[in-house]
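Below is one structure, written out as structure tokens; the observations come after it.
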Amino acid sequence: IYPMVTSSSTLAGYGAIGAGIPPYEIKDVVTVVKAYSSAVGAGEFVSEIFGDEADELRRRGGDGGEFGATTGRPRRMGWFDAVASRYGCRIQGTTKVALTVLDVLGYLDEIPICVGYEIDGEVTKDFPTTNKLKKAKPVYEVLPGWKEDIRGITEYDKLPENCRKYIEKIEEELGVPIAFVSNGPSRHEIIKR
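Counted the way my numbering counts, the sequence shown spans residues 3 to 195.
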């Protein structure tokens, strides 16, 4: 979850710095977003889950589980946070989204999406300041799962209906088109929409 994703900056502007080009040369910003949330280290994590639920998602997640690449520490896990993800898309001028690790969620009967934060009795869809973020509670919309393996599917229309509904709900919440969906760890397991 932006900004607690890694020790380096993941914003598009840093791509220009790393490539040695001026920022105005970047015309298309494809933001990579996981189909669930994970975080490294301390910080607020509104949609965080715990216990067996988190352990199972962590075990199934990523490319061999959701554990720190250098430390091996377990990552903090949570449901997709549309509020934080929309904020991350907004601050870097996202034009398209690549939704990753969607295949990981195929074991679930239901999949919650954090669509808002309740703060002091009021619901907001806007990412708040840090002092308000500390008080935020997740507001979930629960979608039905698809309960099948989606690896190997190469066309969007061939994905299970509930899987497509999940993608389309995330797209609606982000307000940015999801152009790519990964349904496996291989670079070839990407569906273009």
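Ideal placement from N, C-alpha and C gives every residue a C-beta, glycine not left out.
This one's a predicted model, so the numbers in the text were calculated from it and none came from an experiment.
State the beta-bridge partners of residue i as determined by DSSP.
i	result
A214	This structure cannot speak to residue 214, because the chain is shown only from 3 to 195.
S39	G80
E50	G80
P114	V144
F1	Residue 1 falls outside the range modelled here, since the chain spans only 3 to 195, and no answer is possible.
Using three-state DSSP, classify residue i as helix, strand or coil.
i	result
I93	helix
I121	strand
K194	strand
E58	helix
G17	helix
P25	helix
R189	coil
A86	helix
Whose C-beta lies closer than 7 Å to the C-beta of residue i among residues of the same chain, with five residues either side of it excluded?
i	result
V34	A100, T102
E2	Residue 2 cannot be examined here, being either before or after the span of the chain that is shown, 3 to 195.
G70	V42, R77
Go to residue i, then tell me how far its beta strand (DSSP E) extends in each direction, as first and last residue.
i	result
E124	124 to 126
Go to residue i, then tell me how far its alpha helix (DSSP H) extends in each direction, as first and last residue.
i	result
L107	Run containing L107: none; DSSP gives neither H nor E here.
L13	Here L13 belongs to no alpha helix (DSSP H), and DSSP marks it neither H nor E.
K134	132 to 135
Near residue i, what residues of its chain come up, given a Cβ to Cβ distance below 8 Å and the 5 sequence neighbours on each side ignored?
i	result
R195	Y158, P179, I180, A181, F182, V183
K136	E46
R153	D105, N185, G186, E191
E143	P114, I115, V117, K171
Which same chain residues end up closer than 6 Å to residue i when comparing Cβ atoms and leaving out the 5 residues on each side of it in sequence?
i	result
C91	T33, L176, V178
P140	V48, S49, C116
Jot down the residue ranges of each uninterrupted alpha helix (DSSP H) in the stretch 139 to 187, minimum 4 residues, whole runs only, in chain order.
163 to 176
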